[in-house]
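Visitor: Heads up: the sequence shown begins at 589 in our numbering, then just goes up one per residue.
Cβ coordinates follow ideal geometry from the N, Cα and C atoms, glycine included.
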Amino acid sequence: MKSFFKIFKILTPKQMRFAALLIVLMVFCAAMEAIGIGVLYPLIAIINNENILEQYPKAKPIVDFLGITSHKQLILDFSLGIVIFYIIKNALVLFQNKIQIKFSTNNQKDYCKRLYTYYMNKPYLFHVNTNISIISRNVSSGASFVFSDILINTLGIITECITIFVIWSFIVIMDWLLAVVIAFILGPIIFLILNYFRRIVVKEGAIQNKYSAEYGKWLNQGFFSIKETKVMQREAYFMQQFSKSYDKFADSTAKFLFANKIPKTIIEMLCIGGIIVLVAVKILMNVDPKSMIPTLGVLALAAVRLMPSINKIVGLYNTNKFKMPLFNEIFDDLLSVKENKDKEERKIFQKSSQILPFEKNIEVKNLSFTYPEKNNLVLDNVSFKIPKGGFVGIVGPSGAGKTTFVDILLGLLNPKTGSIYVDDADIFSNLSGWLLNVAYVPQSIYLIDGTISENVAFGIPEAEVDKERVKKVIEMAELKDFVDALPEKENTSVGDRGARLSGGQRQRIGIARALYHDPSVLVLDEATSALDNETEKSITETIIKLKGSITIIAIAHRLTTLENCDFKIKFDNGKASLIERGEE
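#1: Is the CB-CB distance between residue 981 and residue 1156 below 8 Å?
#2: Could you give the distance in angstroms between the alpha-carbon of residue 1025 and the alpha-carbon of residue 810?
#3: For residue 706 and residue 1028, I'd like the C-alpha separation in whole angstroms.
#4: According to DSSP, what are the bridge partners of residue 967?
#5: Kindly identify the DSSP beta-bridge partner or partners of residue 1009.
#6: According to DSSP, is residue 619 helix, strand or coil?
#7: Return the chain-ordered list of same chain residues with a C-beta closer than 6 Å to the C-beta of residue 1159, the five sequence neighbours on each side being excluded.
#8: Considering only their Cβ atoms, is the gap separating residue 596 from residue 691 smaller than 8 Å?
#9: Within 10 angstroms of the Cβ of residue 714, are there 16 or more other Cβ atoms? Answer buried if so, exposed if not.
#10: Measuring CB atoms only, is the segment 665-683 touching the segment 692-706, in the sense that at least three cross pairs come out at less than 8 Å?
#11: Looking at chain D, is there any beta carbon in it that lies within less than 8 Å of the beta carbon of residue 914?
#12: Counting only runs that start and end within the segment 1019-1064, where is the beta strand (DSSP E) found for 3 or more residues in a row?
#13: Give the single residue among 1048, 962, 796, 1088 whose Cα lies nearest to the Cα of residue 917.
#14: Take the Cβ of residue 1047 as the centre, count every other Cβ of all protein chains shown within 10 Å, and call the residue buried at 16 or more, exposed below.
#15: Evaluate residue 600 with the Cβ neighbour count: other Cβ atoms within 10 Å of its Cβ, from every protein chain shown; 16 or more gives buried, anything less gives exposed.
#16: Measure the CB-CB distance between residue 537 and residue 627 and report whether it falls below 8 Å.
#17: Any idea if residue 932 is buried or exposed, counting beta-carbon neighbours within 10 angstroms, 16 or more meaning buried?
#18: Suppose contacts are defined by Cβ-Cβ distances below 8 Å. Is residue 1067 in contact with residue 1100 by that definition?
#19: Tell me which residues share the same chain as residue 745 and place their Cβ nearer than 6 Å to its Cβ, disregarding the 5 neighbours each side in the sequence.
#20: I'd like the list of long-range same chain contacts for residue 1003, defined as Cβ closer than 6 Å, with 5 residues on each side in sequence excluded.
#21: Give me the DSSP bridge partner(s) of residue 1162.
#22: Which value, in whole angstroms, describes the spacing of the CA atoms of residue 736 and residue 838?
#23: For residue 598, report the span of its beta strand (DSSP E) as first-last.
#24: Let me know the secondary structure DSSP gives residue 1111 once reduced to three states.
#25: From the DSSP output, in three-state form, read off residue 801 for me.
#26: For residue 649, which of helix, strand or coil comes out of DSSP?
#27: Run the CB neighbour count on residue 754, radius 10 Å, all protein chains shown included, and call it buried at 16 or more, exposed below.
#28: Do you know how far the Cα of residue 1062 is from the Cα of residue 1139?
#29: By how many angstroms is the C-alpha of residue 998 removed from the C-alpha of residue 936?
#30: Assuming residue 681 is part of the alpha helix (DSSP H), what are its boundary residues?
#31: DSSP beta-bridge partners for residue 1075?
#32: Hey, how far is the Cα of residue 1161 from the Cα of residue 960?
#33: Under 8 Å, do residue 613 and residue 684 count as touching if we go by C-beta distance?
#34: Report the option in 1031, 1011, 804, 913 whose CA atom is closest to the CA atom of residue 833.
#35: So residue 899 and residue 738 are supposed to be a Cβ contact under 8 Å. How far apart are they, rounded?
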């Protein structure tokens, strides 16, 4: 049970105060529930005794004030009062449920957005080392599980526990011996039931949590590689892997649902059996059966109300245990979101309006880097200069450190030692200001399922897009003829990940996107290596036209791509050296 209350650790002080007020409201509603059962006792007694008014003379002033003159009228008026009370009680319970659901839903929306922001602001290495299906699951399902399920369930358990306690207290007043029997027999039995089924539920919950991410991974991988999959006729492989993972996910859910039904049956048998045993014991004790009618009537009603509460507690408890593996997995992330531990990470990526001046050169000084949990240096004391307006080629074998250098230049990785300076200013002292200078074109351009214009002005709200600038950079990327031939011009949809475009057209949109912000530095990371020779040559000619006006840093395996560069830097075994013309 202790693990359930971890949910309250991720709530802010303001949210905790609201939760406390909600619990107070729950106590009041629980008291109303008990009173609702209690008022039926005098009604049964009144119906069962025509001379009740004579037996209770102290009630006569109230009866006279209400104008009640007969036993029949007393029954009718008392029944009407109970109906009015139940209307008020149920309205209050509905109000409490509405507030409870609103509290949960508002937190779900808030934390879902904050989790998304938290992961977006995580360092690049986090994303390199974390499967996207896990992040997707945590954002899409995590907040929902935590607030729509665990929080609501925990509040529900608190509500039902309060209700049971209040009703039990009422039974103490009626028959203390029966109340003690209920507490010391039924209580331990319920505890044993919860403890027994807890192991099953926790086990199946862990399985479901594991395979919800697993089937999500195969779902993404199958459709993200749909072209290669169909050409290689590997559909059966992905279907088999997805089916295997989803079967385990679904089977764990089925086992949990069945295990969650069993306690209800046991509890119902115990409650009904208990009432029957009570009747038998009372009769054996020579208690007048007629005198038992009001008590048994109320006890039956209490049992009818208690059984759903006990069943609900068991069901909610098991459901929470089933959901706990995911909650425990993302608990630290939720706690970090709550405590704003990601402020330092956000500071790195906080947008700056103060651009870092770049007038002379980019200087790499004694740059070294190693990936976490690895000992070998990917970059080892690398130093060189790039003049403004220069076209620099980065060459070297695979694994030599070329892409790692570019990732540091783009602020995605922090160096172990050394740094990169722009006009003697460390780029990490104002990373956002430095990135305002930089545009990046990767080997594979990611296109959103939107228009050409939306992909060029990537991440900019439609109302803020400079339409003329879009047209200009489309022309600079030599896409104008292609775009002009389209019926909807730059408002043409590119399809999911640019499915309606050729590889060359996607790369040109990537170049146009890079040029949209009028950068002073253009970084090309194998930007043409996936293209055919003719298309690569055409795009290379487009890039060369930018030479002089923009500092170009290009990684390429094909030396023909770098024929017109001013000089080349060769990376090999973590070292970097200048290649003079004629040495290649």
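Guide: The relevant details are as follows:
#1: yes
#2: 37 Å
#3: Between residue 706 and residue 1028, the C-alpha separation is close to 24 Å.
#4: 957
#5: Per DSSP, 951, 1014.
#6: DSSP places residue 619 in helix when its eight states are reduced to three.
#7: 984, 988, 989, 990
#8: no
#9: exposed
#10: no
#11: Although the question refers to chain D, the structure presented lacks it and comprises just one protein chain.
#12: Along the segment 1019-1064, the beta strand (DSSP E) occurs as fully enclosed runs of 3 or more residues at 1026-1029, listed in sequence order.
#13: Comparing Cα positions, the closest option is 796.
#14: exposed
#15: Exposed: under 16 other Cβ atoms inside 10 Å.
#16: With the chain covering only 589 through 1172, there is no way to say anything about residue 537.
#17: Model confidence at residue 932 stands at a pLDDT of 48, short of 50, so the residue's coordinates are unreliable and nothing is read from them.
#18: yes
#19: Here the set comprises 901, 904.
#20: 955, 957, 996
#21: DSSP output for residue 1162 lists no bridge partner at all.
#22: 20 Å
#23: From DSSP, residue 598 is part of no beta strand (DSSP E); its letter is neither H nor E.
#24: The three-state secondary structure of residue 1111, taken from DSSP, is strand.
#25: helix
#26: The answer is helix: DSSP assigns residue 649 an H, G or I state.
#27: buried
#28: 20 Å
#29: Any reading at residue 936 is ruled out, since the residue's pLDDT is 49, under 50, leaving its predicted position unreliable.
#30: 659-708
#31: Residue 1075 pairs with nothing; no bridge assigned.
#32: Answer to the nearest angstrom: the Cα atoms are 18 Å apart.
#33: Yes.
#34: From the listed residues 1031, 1011, 804, 913, the smallest Cα separation to residue 833 is found for 804.
#35: Residue 899 to residue 738, Cβ: 19 Å. No contact.
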